[in-house]
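Residue numbers (UniProt numbering): 1 to 146.
A virtual CB, placed ideally from N, CA and C, is assigned to each residue, including glycine.
Every value quoted in this text rests on a predicted model; they were computed, and no experiment measured them.
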């Protein structure tokens, strides 16, 4: 299967076509020439969230958080480390719920932190509450993708 995957650039939001076998070879964006995978979560606003979820052909793990939330701050280092474990198989993004209240309401985010996993534009899993180890986050994602 040599069909290219569509991947949204974390820097310029351009949709790129990348063959699956090239994912592990540090592909760059065709437009801005920056790395498509940085080993770090991507901070997104509402529009970028919609683009990543709708257009990425790899699963997208979203951390719904807020700056005032203690458990969110406790989970942040583990989420950062999980990006290094899960990329390039999964894109990790962070969405500040204070900056996107309409989206948070539409998705029924009732508590934070909340992790939500999207594939094919649809939510396939949700975890409310902090996971403070990268291995726990990666394990949860793996179970959702089975």
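Whole-angstrom C-beta distance between residue j and residue i, which should lie under 8 Å
i, j, result
"residue 137", "residue 82", "4 Å"
"residue 4", "residue 71", "With 8 Å as the limit, residue 4 and residue 71 do not qualify as a contact, their Cβ atoms being about 39 Å apart."
"residue 78", "residue 134", "5 Å"
"residue 101", "residue 24", "Their Cβ separation, rounded to whole angstroms, is 38 Å, which puts residue 101 and residue 24 out of contact at 8 Å."
"residue 115", "residue 61", "6 Å"
"residue 64", "residue 97", "5 Å"
"residue 59", "residue 90", "5 Å"
"residue 86", "residue 141", "6 Å"
"residue 144", "residue 125", "4 Å"
Nearest to residue i (by Cα), restricted to the options the options
i, options, result
"residue 131", "34, 80, 96 and 58", "80"
"residue 55", "65, 66, 7 and 126", "7"
"residue 123", "36, 50, 40 and 86", "50"
"residue 53", "21, 36, 144 and 120", "120"
"residue 20", "92, 104 and 2", "2"
"residue 66", "57, 129, 144 and 40", "129"
"residue 84", "39, 146 and 92", "39"
"residue 148", "92, 74, 127 and 99", "Residue 148 lies beyond the stretch modelled for the chain, which goes from 1 to 146, so this question has no answer here."
"residue 99", "57, 68 and 34", "68"
Sheet register partners of residue i (DSSP bridge)
i, result
"residue 16", "7"
**OP:** Pick out the complete beta strand (DSSP E) segments inside the UniProt domain "Thioredoxin" (20 to 146), 3 residues or longer, and give them in chain order.
**Re:** 42 to 44, 60 to 65, 91 to 96, 114 to 119 and 122 to 128
Original post:
Touch check for the segment 27 to 40 and the segment 2 to 15: three-plus C-beta pairs under 8 Å?
Top reply: yes
Original post:
Hey, is the segment 34 to 44 in contact with the segment 107 to 115, meaning 3+ C-beta pairs nearer than 8 Å?
Top reply: no
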